[in-house]
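A short write-up of the structure that comes next.
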Amino acid sequence: MKNRNRLNNIGSQEIIVATKNGGKIREIQEILNTLSCHVVPIGEIVEAFEVEEDGVTYAENALKKARAAASCTGKIAIADDSGLEVDALNGVPGIYSARFGGEQLSQPEKNALLLKKLQGKTERSARFHCVIAVVAPDGREETVEGVCEGTIGYEARGEHGFGFDPVFIVAGCQQTMAELPLDVKNRISHRAKALQQLLALLPRFLT
1 MKNRNRLNNI
11 GSQEIIVATK
21 NGGKIREIQE
31 ILNTLSCHVV
41 PIGEIVEAFE
51 VEEDGVTYAE
61 NALKKARAAA
71 SCTGKIAIAD
81 DSGLEVDALN
91 GVPGIYSARF
101 GGEQLSQPEK
111 NALLLKKLQG
121 KTERSARFHC
131 VIAVVAPDGR
141 EETVEGVCEG
151 TIGYEARGEH
161 GFGFDPVFIV
171 AGCQQTMAEL
181 PLDVKNRISH
191 RAKALQQLLA
201 LLPRFLT
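The sequence shown runs 1 to 207 under the working numbering.
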């Protein structure tokens with residue numbers, strides 16, 4: 001009976017999200033709050049949380065961050081690693097999306113650089129790829145992933161979203177990810193798809 005009550009009361013659980021990216025935090029909270037989970041950004045608990053993302057896959061980076069957060073907080077932690085994969089650039093920027101063009105570039109400058117690299121190219125297919133890791137303090141861990149297919153546009157459009165959202169046109173839409181209403185993005189984005197899979201896993205971690 002105790003376990004059943006706990007499963008029915010997921011909202012009593014704190015889940016640490018191991019990122020300081022405000023856009024990611026809002027997106028994760030919006031989706032996980034459908035189960036009334038109390039999602040706590042790592043920055044509210046550990047001020048100087050830094051993890052070197054030196055993995056060669058999204059999963060390696062996500063697991064490394066989630067393990068570190070679970071270890072230093074003693075709570076269940078989730079972390080994601082994601083990137084934009086552009087076919088005409090052989091999958092670049094991929095896992096290096098956050099550092100594309102150098103860490104000194106602002107995101108609008110990164111978007112402009114990507115558009116410049118694709119100038120004159122008609123092959124513009126691309127996808128957002130996200131892997132989310134969940135790690136419990138007792139060592140249990142899982143990863144889930146989501147992909148959102150689309151193309152790279154010819155200009156940045158839209159005021160919503162973050163990252164490469166303004167230059168990514170979602171497959172089947174005329175709008176960029178940054179032009180979509182939040183409720184639509186939270187159904188179709190790569191991170192939303194991964195989070196929906198995560199929702200199915202969480203009860204096992206919360207028992």
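Each residue gets a CB set at the ideal place from its N, CA and C atoms; glycine is no exception.
Just so we're clear, the structure is a prediction, and the values are computed from it rather than from any experiment.
Item                                                                                                                                                             : Value
Identify the continuous beta strand (DSSP E) that holds Asp80 and give its terminal residues.                                                                    : Ala77 to Val86
Check whether the stretch 41-60 touches the stretch 189-198, counting contact only when three or more Cβ pairs, one atom from each stretch, lie closer than 8 Å. : no
Is the distance from the Cβ of Ile76 to the Cβ of Val39 below 7 Å?                                                                                               : no
With DSSP collapsed to three states, give me the class of Phe128.                                                                                                : strand
For the pair the stretch 171-182 and the stretch 144-162, tell me if three or more CB-CB distances fall below 8 Å.                                               : yes
Using the three-state DSSP reduction, which class does Ile16 fall into: helix, strand or coil?                                                                   : strand
DSSP has Ala171 in a bridge; who is on the other side?                                                                                                           : According to DSSP, which records beta bridges pairwise, Ala171 is partnered with nothing at all.
Residue ranges of each alpha helix (DSSP H) run of no fewer than 4 residues wholly in the stretch 38-118, ordered along the chain?                               : 58-73 and 107-117
Identify whether Glu123 lies in helix, strand or coil by the three-state DSSP scheme.                                                                            : coil
Considering Gly22, what are the terminal residues of the alpha helix (DSSP H) in which it resides?                                                               : Gly22 to Leu32
Note down, in chain order, each residue of its chain lying with its Cβ closer than 8 Å to the Cβ of Ser71, except the 5 sequence neighbours on either side.      : Pro137
Who are the near neighbours of Glu27 in its chain, counting only those whose CB is closer than 6 Å to its CB and skipping five residues on each side?            : Arg191
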